[in-house]
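Report on the structure given below.
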Amino acid sequence: MCGISGLLELKGCAAERAVLQSMIARVGHRGPDGSGIYVDGPLGLAHARLSIIDLATGDQPMHNEDRSLTVTFNGEIFNYLEIRKELEALGHRFATTSDTEVILHAYEEKGPECVHDFNGQWSFAIWDARKNELFISRDRLGVRPLFYKMHEGTFLFASEIKSIFAYPGVPRRLDIRAIDQVLTFWFTLPPRTIFEGISELPPGHSMKVSRGEVKVWRYWQPTYPTEFAPMNEEACAGRLLELLVDATRLRLRADVPVGAYLSGGLDSAVTTSLIKNFTQAPLKTFSVGFDQPEFDEREFQQQVVRYLDTRHQSVQCGTADIGQIFPDVVWHAEKPIIRTAPAPMYMLAKLVRENGYKVVLTGEGADEVLGGYDIFKEAKVRRFWGRNPQSRVRPLLLAKLYPYMHNLQKQSPAYLQAFFHVRPEDLSSPFFSHLPRWELTAKSKLFYSPRMRAELGEYDACDELRQMLPPEFSSWPAFCQAQYLETAFLLPGYILSSQGDRMAMAHGIEGRYPFLDYRVVEFAATIPPRMKMKGLNEKFVLKKAIGNRIPESIRQRPKQPYRAPDADSVLRADGSEPAYVREMLAERNIEKAGIFNARAVDGLVQKTRRGQTIGVKDNMAVVGILSTQLISDQFVNNFRRLETDG
Amino acid sequence: MADIEPQIRAFIVENFLFGEDSADLTPESSFLESGIIDSTGVLELVGYIEKTYNIKIRDEEIVPENLDSIRRLAKFIQSKPLLLAK
Numbered sequence: 015m016c017g018i019s020g021l022l023e024l025k026g027c028a029a030e031r032a033v034l035q036s037m038i039a040r041v042g043h044r045g046p047d048g049s050g051i052y053v054d055g056p057l058g059l060a061h062a063r064l065s066i067i068d069l070a071t072g073d074q075p076m077h078n079e080d081r082s083l084t085v086t087f088n089g090e091i092f093n094y095l096e097i098r099k100e101l102e103a104l105g106h107r108f109a110t111t112s113d114t115e116v117i118l119h120a121y122e123e124k125g126p127e128c129v130h131d132f133n134g135q136w137s138f139a140i141w142d143a144r145k146n147e148l149f150i151s152r153d154r155l156g157v158r159p160l161f162y163k164m165h166e167g168t169f170l171f172a173s174e175i176k177s178i179f180a181y182p183g184v185p186r187r188l189d190i191r192a193i194d195q196v197l198t199f200w201f202t203l204p205p206r207t208i209f210e211g212i213s214e215l216p217p218g219h220s221m222k223v224s225r226g227e228v229k230v231w232r233y234w235q236p237t238y239p240t241e242f243a244p245m246n247e248e249a250c251a252g253r254l255l256e257l258l259v260d261a262t263r264l265r266l267r268a269d270v271p272v273g274a275y276l277s278g279g280l281d282s283a284v285t286t287s288l289i290k291n292f293t294q295a296p297l298k299t300f301s302v303g304f305d306q307p308e309f310d311e312r313e314f315q316q317q318v319v320r321y322l323d324t325r326h327q328s329v330q331c332g333t334a335d336i337g338q339i340f341p342d343v344v345w346h347a348e349k350p351i352i353r354t355a356p357a358p359m360y361m362l363a364k365l366v367r368e369n370g371y372k373v374v375l376t377g378e379g380a381d382e383v384l385g386g387y388d389i390f391k392e393a394k395v396r397r398f399w400g401r402n403p404q405s406r407v408r409p410l411l412l413a414k415l416y417p418y419m420h421n422l423q424k425q426s427p428a429y430l431q432a433f434f435h436v437r438p439e440d441l442s443s444p445f446f447s448h449l450p451r452w453e454l455t456a457k458s459k460l461f462y463s464p465r466m467r468a469e470l471g472e473y474d475a476c477d478e479l480r481q482m483l484p485p486e487f488s489s490w491p492a493f494c495q496a497q498y499l500e501t502a503f504l505l506p507g508y509i510l511s512s513q514g515d516r517m518a519m520a521h522g523i524e525g526r527y528p529f530l531d532y533r534v535v536e537f538a539a540t541i542p543p544r545m546k547m548k549g550l551n552e553k554f555v556l557k558k559a560i561g562n563r564i565p566e567s568i569r570q571r572p573k574q575p576y577r578a579p580d581a582d583s584v585l586r587a588d589g590s591e592p593a594y595v596r597e598m599l600a601e602r603n604i605e606k607a608g609i610f611n612a613r614a615v616d617g618l619v620q621k622t623r624r625g626q627t628i629g630v631k632d633n634m635a636v637v638g639i640l641s642t643q644l645i646s647d648q649f650v651n652n653f654r655r656l657e658t659d660g
Numbered sequence: 002m003a004d005i006e007p008q009i010r011a012f013i014v015e016n017f018l019f020g021e022d023s024a025d026l027t028p029e030s031s032f033l034e035s036g037i038i039d040s041t042g043v044l045e046l047v048g049y050i051e052k053t054y055n056i057k058i059r060d061e062e063i064v065p066e067n068l069d070s071i072r073r074l075a076k077f078i079q080s081k082p083l084l085l086a087k
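As you go down the protein sequences, you meet chains U and A in turn.
Residue 660 is where the first sequence ends in the numbering used here, and the numbering goes up by one at each step.
Residue 87 is where the second sequence ends in the numbering used here, and the numbering goes up by one at each step.
This is the structure:
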């Protein structure tokens, strides 16, 4: 819930309320139910509220009894009732029934270490007036966002970057290395963001601003055993179910009704089933359907609806709809995206809001923590083959990969082998699992302008990522290395942000993720890889745990990744696409941004318009280039004015 | 047939390099190794060859040995003289 922002003047001047007002207005969509500002000399905290817990007395910024601590908080501490009991036993007295106040008292009791007790999704800032210290923390997995900047003696922070840009004089420039990262990995490597000089507090990190100094430290990260203890399948599935039930129970704590997303896949069927089977909560489900059968999963959504008897509502996403809303999607995502998949999520959040709901449970995180992604399967097959490259039988498994990618399925065995070819040196790469995806994404760099190429020089995004890997990374099994890359980077950098928090919060909707309860994540990390993916059967232990509580057809259904129409949603054969597309991709605008080569982009546009079959590579290039151009236009050249800006 | 290699090269530059002609693209350059062609690209290439040279490529002929460089493609097309004569 909510949007936060704040500042600390370090040059001795006082914080200005009007500036805070302007900053928090930029994230008003995150908290449409009210806003609050607190100023104490050089310190200013602001809050836009989405009321979910303690509707009557939960306003923020909130103080402790003697007003020595003040907090502005975005998110939820799901186990706040349990922590509150412990704190009360230690003598703490509470004035409200909110989880916000629990943060204050927990901080009084334990200082920065208090975050270890929290089970939740948060970004918050606490001002300690006695010590003149600002403490900021972000949840373990990076569900809630937090950005900051030191600007000419002023420390600024906010839930979204646009709020920091509302502070007078903050420069708005693109970081070309960050663009290069998105066009390699799909995400930026924190603390780097797409904007030069703006930092992201990474997931599982806290920071302190004290006496003009900024200190950032890690308090948690995903980790895996080097060797796995033997585990009984039944017992493992039983423990997983127990944790998921409790994670769901905690995530239904709210003073407003809670809904659930249904995609038609396993994970959201599991979360919906957990609500249905293990809680008394009334259940309403929401989903998105597509015009194009290739992407549409309504048939499977309906199977779950019928089986679990939910009240259900769905929104129809037309290919043209995506093109229409794309500028808003990019405005909220605040970074280039190379797939349009966030756009339907934006429409879905709108549907939820129109139905009077503010909170939804979803299945995000299951693929990362329990081994569901195709990339794990692909890596397993490639490694198996790579160990015996002469084998004629092993590469036959390649045909089992990506059954939904028709162009790939049409390939001869010889070409399949060529596409998934394992170079001998790849086998020892820490990025073995991800090299094909990243190399494919990086094809978009073909469109770089000569200036961009010159400025990037020898820069290699993979080198930067390599420096960020924990020392124990190399001792983990290959499957866990791939899981780490997905959990530590893609999940917060794309799934939970561009496709998650930003799309939901654009409409004031809060997502909650039972699979990302840290107890589930930590337990799942100890499950042997062979039980996560049994043979090529992904999320095996989850399927076993949920049993017949979901339809068998969903349990047995091959993984269907969530996708949406890409290039054809923004470019049309007859040139009838929205005017902004032509504008953004026009030669003068491409040259103004300086990132891409206008002639090459025109070639891509013409090819797409001709309606020729274009593949993953060209689709990613179209969406990546258009979204980068939109970022440049909306944030650098024509930073959107708010109606309240006057 | 001497024209085949430049024609193929022009098609590759226009459709896969988007006009960005590169000296690195020699008649012997492997499309796979240089990352020019992905799975859709193979199908595009086959479609272009069939249409332009009026030949039919059988499934078992869609292998890198026949299609993975400008020269290999030219040779492959030349190996189908009867159809070309149509």
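A virtual CB, placed ideally from N, CA and C, is assigned to each residue, including glycine.
Just so it is clear, the structure is predicted and the values come from calculations on it, not from any experiment.
- Counting along the chain, the unbroken alpha helix (DSSP H) around U:L280 starts and ends at L280 to F292.
- Contacts between A:D4 and chain U, judged by CB atoms closer than 9 Å, are missing: the closest CB pair is about 23 Å apart.
- Considering only U:Q327, U:A283 and U:W136, the residue with the shortest C-alpha distance to U:S220 is U:W136.
- Contact annotation for U:N421 against chain A: S40, T41 and L44 [CB-CB distance below 7 Å, chain order].
- With the rule of 3 Cβ pairs closer than 8 Å, the stretch 599–612 of chain U does not count as touching the stretch 539–553 of chain U.
- If you look at U:S36, you'll find it isn't in any beta strand (DSSP E); it sits in the alpha helix (DSSP H) that goes R31 to A39.
- Closest by C-alpha distance to U:G17, out of U:P204, U:R107, U:F161 and U:K25, is U:F161.
- For U:N633, same chain residues with a beta-carbon under 7 Å away, outside a window of 5 residues either side, are D580 and A581 in chain order.
- Checking the DSSP bridge columns, you'll see U:W141 partnered with U:T84 and U:L148.
- Annotation: U:M517 to U:L148 spans about 29 Å, alpha carbon to alpha carbon.
- Between U:E378 and the set U:S287, U:L505, U:Q431 and U:S488, the nearest pair of CA atoms involves U:L505.
- For a Cβ distance threshold of 7 Å, nothing in chain A lies close to U:L449: the least Cβ distance comes to about 12 Å.
- By DSSP's assignment, U:G48 forms a beta bridge with U:R63.
- Residue range E247 to R265 is occupied by the alpha helix (DSSP H) that includes U:G252.
- Restricted to the stretch 5–47 of chain A, the alpha helix (DSSP H) segments that are unbroken, complete and at least 4 residues in length are 5–16, listed in chain order.
- As summarised for the stretch 495–550 of chain U, the continuous beta strand (DSSP E) elements at least 3 residues long and confined to that stretch are 524–526, given in chain order.
- Going by C-alpha positions, U:T86 is about 21 Å away from U:E96.
- If you draw a straight line from the Cα of U:Q338 to the Cα of U:P592, it comes to about 7 Å.
- Restricting attention to alpha helix (DSSP H) runs no shorter than 4 residues, the stretch 592–656 of chain U encloses them at 593–598, 601–607, 612–623 and 630–645, ordered along the chain.
- Here DSSP, grouped into helix, strand and coil, assigns U:W200 to coil.
- Judged by beta-carbon spacing, U:E166 lies beyond the 7 Å limit of U:V41, meaning their Cβ atoms are not closer than that value.
- For the C-beta of U:R613, the chain A residues within less than 9 Å are, from N- to C-terminus, F19, G20 and E21.
- DSSP, read as helix, strand or coil, puts U:A274 in strand.
- Nearest CB-CB separation between U:G638 and chain A: not below the 7 Å threshold.
- In the three-state reduction of the DSSP assignment, U:Q135 falls in the strand class.
- Within the model, the alpha-carbon separation for U:V33 versus U:G273 is close to 36 Å.
- In the three-state scheme derived from DSSP, where H, G and I count as helix and E and B as strand, U:V228 is classed as strand.
- In terms of beta-carbon proximity, U:Y462 stays away from the interface with chain A, with every pair separated by 7 Å or more.
- Taking the Cβ atoms as the reference, U:G26 lies roughly 19 Å from U:L59, outside the contact range of under 8 Å.
- Chain-order list of chain U residues neighbouring A:I56: empty, with the shortest C-beta distance near 17 Å, by a criterion of under 8 Å.
- Remark: fewer than three beta-carbon pairs, one from each stretch, lie closer than 8 Å, so the stretch 495–509 of chain U and the stretch 117–131 of chain U are not flagged as touching.
- Taking a cut-off of 8 Å on C-beta distances, the stretch 30–46 of chain A does not touch the stretch 395–408 of chain U, as fewer than three cross pairs fall below it.
- A:L33 belongs to the set of residues whose beta carbon lies under 7 Å from a beta carbon in chain U.
- For U:D131, same chain residues with a beta-carbon under 7 Å away, outside a window of 5 residues either side, are I97 and A120 in chain order.
- Between U:R144 and U:S65, the CB-CB gap reaches or exceeds 7 Å.
- In this structure U:L24 touches U:G226 by the C-beta definition: roughly 5 Å separates them, less than 8 Å.
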